[in-house]
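**Q** Using the numbering used here, the letters of the sequence shown correspond one by one to residues 3 to 370. For reference, the structure I am asking about is given below.
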Amino acid sequence: MVWTVGVDVGGTFTDFFAVDESNGSVHVGKFPSTPGNPAEAVLNGLEVLAQEHGLNLNKLRHFSHGTTVATNSLLQRRGGDVMLLTTAGFADLLDIGRQTRPHMFDLFEDYPSALVPRSRRVEVSERITDGGEILVPLSQHEIERVVDCVRAANPQSCAVCFLFAFQNSKHERAVTDELRRSLPEIEVCASSEVQPEFREFERFSTTVLNAYLQPVMAQYMMELDNGLKNLVPNASFGLNQSSGGLMSVARAQRLPVRTALSGPAAGVVGAAHVAAAAQRPNTITLDMGGTSADVALIRQARVPTVFSREVGGFPIRMPMVDVETVGAGGGSVAWVDRDGLLKVGPKSMGANPGPALLRTRRHTTDRD
3 MVWTVGVDVG GTFTDFFAVD ESNGSVHVGK FPSTPGNPAE AVLNGLEVLA QEHGLNLNKL
63 RHFSHGTTVA TNSLLQRRGG DVMLLTTAGF ADLLDIGRQT RPHMFDLFED YPSALVPRSR
123 RVEVSERITD GGEILVPLSQ HEIERVVDCV RAANPQSCAV CFLFAFQNSK HERAVTDELR
183 RSLPEIEVCA SSEVQPEFRE FERFSTTVLN AYLQPVMAQY MMELDNGLKN LVPNASFGLN
243 QSSGGLMSVA RAQRLPVRTA LSGPAAGVVG AAHVAAAAQR PNTITLDMGG TSADVALIRQ
303 ARVPTVFSRE VGGFPIRMPM VDVETVGAGG GSVAWVDRDG LLKVGPKSMG ANPGPALLRT
363 RRHTTDRD
């Protein structure tokens, strides 16, 4: 028997689906997630699944993994401590954005604050023209000053976003190379590596989100990859990305923003396949977990895709499945805001819902 296993890690449950490629028989399993260490639920659940159904883990050939770790980190704002290095004069770009105001006449609308506080943004004396020519050279002294600023701030990750770096990445490379050499303990990503396209706000936002997710996803991927190499040494490991395809562990560690809709995208791809088999080509999908609810519209049995969208109020510019995600699920916490209005989410109790029912905490989740 040769097995293929698919795993979906949510904030509340970790689900397994195992298929015997020789005869098509399937086995499923559901186990509580371990938000503090998501890899633990995957590895323990895989062992329990194998024991319960007599699966030979040495015969497991393919391991496909969808996750909402990145999704939930964005919705609940539980990513890393980020620092931004940018061209002099552009430190406020994350706040200015595109000036899109969908609720222009709502005087009480709360817009998400930038993931990088103003005090954690450093302006760098350099400038590239829109044609890729160097207008203001980047000196070695300036590079050393920037490295000293980052060293003093001691962030978990650092995003390097210079103007028109997609045309000429020389300055970004110089800074990122020195940061990686001098401060190897800090995750560093450059916009020319993450999203080398024009439109500076979307490029900056996508790169900052990547840096925000790196501390969370890098540790998770490392622990999961090491555990799987010991547990299922003969299996290939692919991580679902937001576009619906698979990516390697190394790529996921370097570009975690591509997993922002990993789990939701995998669900839509699977739903499109089922819809086609059931001859229901036009279908609305709903995937509700403990932390988020995801909705997509399938037309003519095709997975809907877009090249730019917002997740948790933050723009991401890259190919992804067109799925709407909101921070309200079965374990979302109900609370009262400063105006006395009842709200639900985006904070979730994760794998420990039902605090009002169980009298374990004073919070109330919608599962109660």
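C-beta atoms are modelled at their ideal positions from N, C-alpha and C, and glycine is treated no differently.
Return the CA-CA distance between Val-297 and Leu-288, expressed in angstroms with no decimal places.
**A** In a straight line, the C-alpha of Val-297 is about 5 Å away from that of Leu-288.
**Q** Name the two residues that bound the continuous beta strand (DSSP E) containing Phe-18.
**A** Residues 15 to 22.
**Q** Return the first residue and the last residue of the alpha helix (DSSP H) that Ile-145 is part of.
**A** Note, Ile-145: alpha helix (DSSP H), 142 to 155.
**Q** Measuring alpha carbon to alpha carbon, tell me which of Trp-5, Val-9, Met-3 and Ser-127 ends up nearest Leu-226.
**A** Cα-wise, what sits closest to Leu-226 is Val-9.
**Q** Give the single residue among Pro-37, Met-85, Val-210 and Gln-169 whose Cα lies nearest to the Cα of Glu-135.
**A** Nearest C-alpha to Glu-135: Gln-169.
**Q** From this set, Asp-132, Leu-117 and Leu-59, which residue's C-alpha is nearest Gly-1's C-alpha?
**A** An answer regarding residue 1 cannot be provided, because it is not within the stretch 3 to 370 covered by the chain.
**Q** Looking only at its chain, what residues have a beta carbon closer than 6 Å to the beta carbon of Ala-167, apart from the 5 residues adjacent to it on each side?
**A** Glu-174, Ser-193 and Ser-194.
**Q** Check this for me: beta carbons of Val-234 and Ile-188, under 8 Å apart or not?
**A** Not a contact, by the Cβ cut-off of 8 Å.
**Q** Is the CB-CB distance between Gly-292 and Gly-12 below 8 Å?
**A** Contact flag set, yes.
**Q** Between the beta-carbon of Leu-263 and the beta-carbon of Thr-327, is there less than 8 Å?
**A** Contact flag set, yes.
**Q** Excluding the 5 residues preceding and the 5 following Asp-97 in the sequence, name in chain order all residues of the same chain whose CB lies nearer than 7 Å to its CB.
**A** Contacts found: Ala-116.
**Q** Is it true that the CB of Arg-100 sits closer than 8 Å to the CB of Phe-203?
**A** Yes, Cβ-Cβ distance for Phe-203 and Arg-100 is below 8 Å.
**Q** Could you round the C-beta distance between Ser-35 and Leu-215 to whole angstroms and report it? I think they count as a contact, below 8 Å.
**A** Not confirmed; about 18 Å, so no contact.
**Q** I need the straight-line Cα distance from Met-219 to Ser-350, nearest angstrom please.
**A** If I take the Cα positions, the gap works out to 19 Å.
**Q** Taking the C-alpha atoms as reference points, what is the distance between Ala-277 and Leu-185?
**A** The straight-line gap from Cα to Cα measures roughly 50 Å.
**Q** Nearest to Met-290 by CA position, among Lys-61, Val-325 and Arg-201, is which residue?
**A** Nearest option by C-alpha distance: Val-325.
**Q** By the three-class DSSP mapping on this structure, what secondary structure does Phe-373 have?
**A** There is simply no residue 373 to check, as the chain begins at 3 and stops at 370 in what is shown.
**Q** Distance check for Leu-211 and Pro-157, CA to CA, integer angstroms please.
**A** Rounded to the nearest angstrom, the two C-alpha atoms are 14 Å apart.
**Q** Under 8 Å by Cβ, that's how I've got Ala-250 and Thr-70 pegged, so tell me the actual separation to the nearest angstrom.
**A** The displayed chain sequence assigns Ser, not Ala, to residue 250. With 8 Å as the limit, Ser-250 and Thr-70 do not qualify as a contact, their Cβ atoms being about 20 Å apart.
**Q** Helix, strand or coil for Arg-319? Go by DSSP, reduced to three states.
**A** The answer is coil: DSSP assigns Arg-319 none of H, G, I, E or B.
**Q** Could you tell me the alpha carbon to alpha carbon distance between Gln-378 and Asp-179, rounded to whole angstroms?
**A** Examination of residue 378 is not possible in this model, given that the chain is present from 3 through 370 alone.
**Q** Can the beta-carbon of Met-322 be found less than 8 Å from the beta-carbon of Ser-244?
**A** Their beta carbons are under 8 Å apart, which means Met-322 touches Ser-244 by this criterion.
**Q** Per DSSP, what kind of secondary structure is Gly-265 in: helix, strand or coil?
**A** In the structure shown, Gly-265 sits in a helix (DSSP, three-state: H, G or I).
**Q** Would you say Pro-348 and Gly-329 are within 8 Å of each other, going by their C-beta atoms?
**A** Contact: yes.
**Q** Measuring only the C-alpha atoms, how far is Ser-435 from Leu-137?
**A** Residue 435 lies beyond the range of the chain shown here (3 to 370); nothing can be said about it.
**Q** Can you check DSSP and say which residues form a bridge with Leu-86?
**A** According to DSSP, Leu-86 bridges with Arg-123 and Ala-161.
**Q** Identify the continuous beta strand (DSSP E) that holds Thr-69 and give its terminal residues.
**A** Counting along the chain, the beta strand (DSSP E) containing Thr-69 begins and ends at 62 to 69.
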